[in-house]
Amino acid sequence: MKMIRKTISMILTGVLLLLSISINLAYAADETVGAESGTVAKLLFTFDDGDIGNINVVAPILQAKGFSATAYVGQNIPLQPWSSGKMTDEELGRLYTEYGWDLGNHTLNHTTIGYNTDAASLATLKQEYLDNQNWLIQKGWTRGAKHASYPFGAYSNALMDVLQSIGVKTARITYGGLQTLPLIKPYELRCVDIDPKKSDVKKEIDDAVSSRSTIVLMLHGVGDTENEYTVLTSYFQSIVDYAYQYTQQSKLEVTTISKWYDSLPVGVTLNKTSLTLTTGDTETLTATVVPEYISNKAVTWSTSNSAVAVVDSSGKVTAAGVGSAVITATSVEGGKTAACSVTVNAPPVAVQSVTLDKESLKMTPGRTSVLTAAVLPLDAADKTVAWTSSNASVATVDSTGLVTAVASGTSVIKVATKDGNKTATCSITVEDIAGAPTSVSLDRTALTLMVGGTAAIKAAVYPVESANQAVTWTTSSSTVATVDSSGNVTAEGAGTAVITATTADGTKNAACNISVILNKPAAKLIFTFDDGDKSALSVAAPILYAKGLKGTAYVGRDIDKQDWGTGTMSASEMGQLYSYYGWDLGNHTINHYSGGYDTDEASLATLRAAYLDNQNWLISQGWTRGAYHAAYPFGAYSEQLIDILKEIGVKTCRTTWGDAQSLPVESLYKLKSFNIMTEEKLIKDEIDGTVDNNYTLILMIHGVGATANEYTVKTSIFQSVVDYASQYVQQGKLDVMSISEWYNSLGQVSVESVALNKTSTTLTSEGGTERLTATISPSYATIQDITWTSSNEAVATVNQAGLVTAVGNGTATITAVTDDGGKTAACTVTVKIVVTGVTLNKTEAAISAIGGQETLIATVAPAKAANKSVTWSSSNAAAATVSAAGVVTAVGNGTATITATTVDGGKTASCAITVEVPVESLALSSTSETIMGLGNTLQLTASITPNNAAIKVVTWTSSDETIATVDSTGKVTAVGAGFVKITASAGGKTVVCNVAVIETAADKVEKFVVRLYDKVLGRTAGDEEISYYTADLLAKKKTGAEVGAGFVFSLEFTNRELSNTAYVEVLYETFMNRASDPDGMAYWITMLDNGVSRAFVFKGFVESVEYTGICDTYGIERGSYVLTEARDQNPQLTMFVYRLYDRALGRIPETQGLNYYAEEILAKRITPVQASQNFFFSDEFRNRNLSDEDYIKTLYRTFMGREFDQDGLLYHLARMEAGVSREEILLGFAGSPEFSNIIKSFGL
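What the sequence shown shows, in mature numbering (1 follows the signal peptide of the UniProt record, and there is no 0), is residues -28 to -1, 1 to 1216, in sequence order.
Printed below as a string of structure tokens:
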């Protein structure tokens, strides 16, 4: 028979091994954690079942080498037969904290049903692992809480699914050898049994080191005595020493399960680790969870900065704003992460247009010309252009815009931007011209010069390809003007002359009218242009230049293109206006600042910077002529702004209103102007008036163009005005000039007087300031500089901008002296520093004796205040008075506010004075008392010394109000037995009375009765009810068991329908006056859950030794309780019958059935075996249609009250396969020694 069982066992082992392999293969297609991290082998010491030797023997050995380990433990795992002891929670905590071990999950109770795959078993298994996992986490042992090992190595595919569902990361089996990586299915983590009879551990370690694999060693116990599950300490030490040698060579790392798992490589990768986007762009990231056969490849997406980049659930990234962010993908399985750095830039500035410097070009074969492309806006990101020719046989163009004429004909040269494909064209005409000119033109058609003056005229012969570009120059009157061969004209005498340029072939000519005058005319005209519009250069300047005239442009470095304009001139274009056309460039603020009317300090500072920064920019560009002349944007200015302009050296400033002005002008900083945007006739009338009266006329212009708008004058009107003015110039009646030429023409104007805006003023604070303004007459005096002085700088100082600063009390005379002529003006400044506040040396003070004093000191601010006198007052003279010197005197208990008030300004400061005579001593009527019986009282009294102490109230406290309470009068009431301190406190003094409360027998019984109502019935007892039961129990008319039964089996209690657990808890709290203990609760619940009645449990409580002792202390009779049901006579037998119903029939028994079989067996009318046969051979059982295997398992669970063992299961299955009937199998169980011993334990 033994041989058969051994053979069957070997066959089953082989089947299980194949099953294990198939499970491995099945899960290999589901999950992989990752390849080995690092380059050295890893070793994990793991210990099952929580043996005491783990902390007493193993932990110190490992710690000596710097090693930690992993212990797989369970909250309720019982002491194992091979073990000398089980670790307590405290010892487990030390293992975790002091020794750095991981504590892993070995199920709650060391369950043996790991192979079972039915729904009930899987539910039980899930609860076993989950409850134990939660226990580990609640204890704070989190490192290994989500790593498990299978008790007895028992597991299945279904169980692995369960572990995955509750978050378990790895589960160790009990065989398998080295763990190679990548790790396939973490829920079958292989191990090597350290038992020397099963493994050559040192060789396994050698193999792990050579292959850089992971070796997990499985142990249970280590001790001085060897058994099936315990290895000798000396052997374990040798394994540790052997591993230690490899660690010293950096070939092996000893670690714990959590550290090993966390060291595995990240299981998520992204297709990109960095992205650069522009706002509004999108790009989708792809996350790959590795290895590829993990079942759950889901990831979640997150962003570190949603203001920069957001990401949706599909990995689509949207650029939201400029900046940087990190997009992270996190695997749902394992929580692995991968990140992508995202940089978001502002969108590039797009090209809006492109223009060429020439719209058409005539050339002769072989000639070249360069076309220049201007791409706008200037800050466009990509200004790349491409050049093409429509007819390369006529003209070609290279990548730089160089056009080469090839042969006669026409072609169109086109430039196209790479960004936006914006285009511009130039028409090319190539002619094979022999050389005859078609025309000649001059850059000037009229000039007015002073006698001795010179000017240059330039001639242009067309076409430019003409073979002979030479001209000859002649004058109609050499007494008026002469001209040399280069076109340089010299004014010889008053009158008019015509200078003519004639082509070399004599066929073409052009003329310039020259007017020579003896004196400059008194009437002046200034053309001024605001905002720097391109039309000043492209339109206005050539028109003026043709008449020998110039203008003034008021510009700003950062002024943007205006809505009405064609664009703002670049710096190079402004330079052309300044250098070639001779214009002045004046100051229009750095950025066309519009706050000229604002006079607050911040605005004035901004205005100053706007003008000064632009002035410095003009000077830095070399455009110095007009740099110190300004025009107000929008005509906005104030007197404060004018002061600033004077300070920074501005000489003139033009407004936006007025008409022609006579000399002397009212103010150089309020120059009038006439807006050209009026009727043409009015402009010419204004010019007429200027000439007739020898005035100065400043014309204000913004733009000139073919189309008029609010700020743009039509080119034809502008040309007409220029022509009109030029006639006067030719007649010597009008001088057109720039602003700097006009200013310089004023000559030296002397200062006649100076005046200040104030002749007297008063300052009231040290450091206080006031600016004095000096006005020079006439306002256009050439030298405007002033020197400021103070007659007494100990009183007030003044800087060279006229800013007066108060220093000390007194008077001083501030004088302004002009540098030109020494003209003076004065202002008398009186400084009278007023009080701004007062403080006291104390804000609160306490005086503890009647008549006691405190001196207060008042400090008046500022220190230089003219009048520092104060007056003193008390808010409560009954408590404290104060003298004129600030001395406070205590009068009586209480509080008073002492106030110091300044004579100057009424400023106040206060000090809170408390007069409080302290308590010197406190006495009690008694310092030791005893109260007999709960509810009784004791009156204590306290006496305070001295009688006039400020505090009259005594505070009473109890050190333990569960023993005695005390009210505000000192009345003490007994609440519970014990010792308590009653404390009286007053004014920082305390005194104690020690009170003993003695609980009487009646008190104890009364509490018992209160518990019966409170715990059993769940309500508060009435006084009569308490008195009734207390009297009967004390008189021994009723026993404790009798009274208790009346409550526990009352209809009122039954109707509460408590669970078994709640029922047992009520019995503990009522009869034992304590909470249940885990072992006791488990014992009684097991009884109730297996068929015994609640009456049985009640009897166990009221007849227990613990309850007997309680009744003795209460002085009452305990009594007893008689059980009437058969199921309560032998609980072990009842539990057997319960199993017959539960395991055989698969249902809960009815009470009648339990009582019937219990009574029949106890009366020996049937045997337990016969009862079993009644169940197993019933129709109800047969209808369950159990397989032979399940039939045998049911017999184990019913007869033996345990799970089957594998050898036994195989043995009985083999018998049934050999033809043995189910009846014989049952009789075999019934006749077994194991079942016989169980029956004997029933007392049968």
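Glycine is no exception: its CB is placed at the ideal position from the N, C-alpha and C atoms.
All values derive from a computational prediction rather than experimental measurement.
Buried versus exposed call for residue i [16 or more other C-beta atoms within 10 Å across all chains shown]
i: Asn813; result: exposed
i: Asp404; result: exposed
i: Gly1215; result: exposed
i: Gly(-15); result: Because the pLDDT of Gly(-15) is 39, which lies under 50, any placement of that residue in the model is unreliable, and the number read from its coordinates should be weighed accordingly. So Gly(-15) ends up on the exposed side.
i: Arg1174; result: exposed
i: Ala856; result: exposed
i: Met672; result: buried
i: Gln110; result: exposed
i: Asp822; result: Here residue 822 is Ile; the residue named in the question, Asp, does not match the sequence. Classification for Ile822: exposed.
i: Glu826; result: buried
i: Leu1198; result: buried
i: Asp556; result: buried
i: Gly10; result: Only weak support exists for where Gly10 lies, its pLDDT of 47 falling under 50; the coordinates are left without a value.
i: Phe690; result: buried
i: Pro1050; result: exposed
i: Tyr569; result: exposed
i: Thr962; result: exposed
i: Trp629; result: exposed
Run of the beta strand (DSSP E) containing residue i, from where it starts to where it stops
i: Trp760; result: Ile758 to Ser762
i: Gln911; result: Thr909 to Gln911
i: Tyr147; result: Thr142 to Gly148
i: Leu557; result: Asp556 to Asn559
i: Glu1196; result: Note, Glu1196: premise wrong, no beta strand (DSSP E); alpha helix (DSSP H) at Arg1194 to Ala1202.
Beta-carbon gap between residue i and residue j smaller than 8 Å
i: Lys623; j: Ser725; result: no
i: Thr446; j: Thr472; result: yes
i: Lys386; j: Thr376; result: no
i: residue 1238; j: Ala921; result: Any answer about residue 1238 is impossible in this case: the structure gives the chain only from -28 up to 1216.
i: Thr205; j: Asp196; result: yes
i: Leu153; j: Thr186; result: yes
i: Gly959; j: Ile923; result: yes
i: Val807; j: Thr783; result: no
i: Lys506; j: Gly539; result: yes
i: Val136; j: Tyr122; result: Looking at the sequence shown, residue 136 is not Val but Gln. For Gln136 and Tyr122, no; Cβs fall outside 8 Å.
i: Thr272; j: Ala281; result: no
i: Asp354; j: Lys394; result: no
i: Ala602; j: Cys625; result: yes
i: Ile33; j: Lys58; result: no
i: Val1074; j: Tyr1093; result: yes
Check: residue i C-beta below 7 Å from any heavy atom of the ligand GDP
i: Ala922; result: Here there are no bound small molecules, and the ligand GDP is not part of this structure.
The alpha helix (DSSP H) enclosing residue i, as first and last residue numbers
i: Arg1066; result: Arg1066 to Val1074
i: Gly794; result: Where Gly794 is concerned, there is no enclosing alpha helix (DSSP H), given that its DSSP letter is neither H nor E.
Contact between the segment 479 to 495 and the segment 458 to 468 (3+ Cβ pairs under 8 Å): Contact between the segment 479 to 495 and the segment 458 to 468 is present, because at least three Cβ pairs lie under 8 Å.
Any 3 or more C-beta pairs closer than 8 Å across the segment 633 to 644 and the segment 664 to 671: Using a C-beta cut-off of 8 Å, the segment 633 to 644 makes contact with the segment 664 to 671, since at least three inter-stretch Cβ pairs fall below that distance.
Length at least 4, wholly inside the segment 17 to 78: the alpha helix (DSSP H) runs in chain order: Taken in chain order, the unbroken stretches of alpha helix (DSSP H) that lie wholly in the segment 17 to 78 and span 4 residues or more are 31 to 36 and 61 to 69.
Sufficient close CB pairs (3 or more, under 8 Å) joining the segment 890 to 907 to the segment 963 to 974: The answer is yes - the segment 963 to 974 touches the segment 890 to 907, with three or more Cβ pairs under 8 Å.
Those runs of the beta strand (DSSP E) which lie wholly inside the segment 310 to 372 and span at least 3 residues: Here the runs fully enclosed are 325 to 328, 332 to 335, 340 to 342, 345 to 348, 357 to 361 and 367 to 369.
Cβ contact check for the segment 325 to 337 and the segment 290 to 308: 3 or more pairs under 8 Å: Between the segment 325 to 337 and the segment 290 to 308, the count of C-beta pairs closer than 8 Å stays below three; the two stretches do not touch.
Whole runs of the alpha helix (DSSP H) within the segment 818 to 857, excluding any shorter than 4 residues: DSSP runs (the alpha helix (DSSP H)) wholly in the segment 818 to 857: none.
Touching by the beta-carbon criterion (3+ pairs, under 8 Å), the segment 649 to 662 and the segment 566 to 585: Here the segment 649 to 662 does not lie against the segment 566 to 585, with fewer than 3 beta-carbon pairs under 8 Å apart.
Contact between the segment 225 to 242 and the segment 46 to 63 (3+ Cβ pairs under 8 Å): Counting C-beta pairs closer than 8 Å gives fewer than three between the segment 225 to 242 and the segment 46 to 63, which falls short of the contact rule.
Within the segment 86 to 163, ranges of the alpha helix (DSSP H) (whole runs, at least 4 residues): Considered as a whole, the segment 86 to 163 harbours 91 to 110 and 129 to 137 as its complete alpha helix (DSSP H) runs of no fewer than 4 residues, in chain order.
Segments of 3+ residues assigned as beta strand (DSSP E) that fall wholly inside the segment 448 to 536: For the segment 448 to 536, whole beta strand (DSSP E) runs of length 3 or above, ordered along the chain, are 453 to 455, 460 to 463, 467 to 475, 481 to 489, 496 to 502 and 524 to 527.
Validate contact between the segment 973 to 987 and the segment 1039 to 1059 using beta carbons, cut 8 Å, 3 pairs: By the Cβ test, the segment 973 to 987 is in contact with the segment 1039 to 1059, since at least three Cβ pairs between them sit closer than 8 Å.
Three-pair Cβ contact test at 8 Å for the segment 709 to 716 versus the segment 519 to 531: The segment 709 to 716 makes contact with the segment 519 to 531, as at least three CB pairs between them are under 8 Å.
The segment 91 to 109 contacting the segment 68 to 79, beta-carbon criterion three pairs below 8 Å: Between the segment 91 to 109 and the segment 68 to 79 there are three or more inter-stretch CB-CB distances shorter than 8 Å, so the stretches are counted as touching.
Three or more C-beta pairs below 8 Å linking the segment 872 to 879 and the segment 930 to 949: Segments in contact, no.
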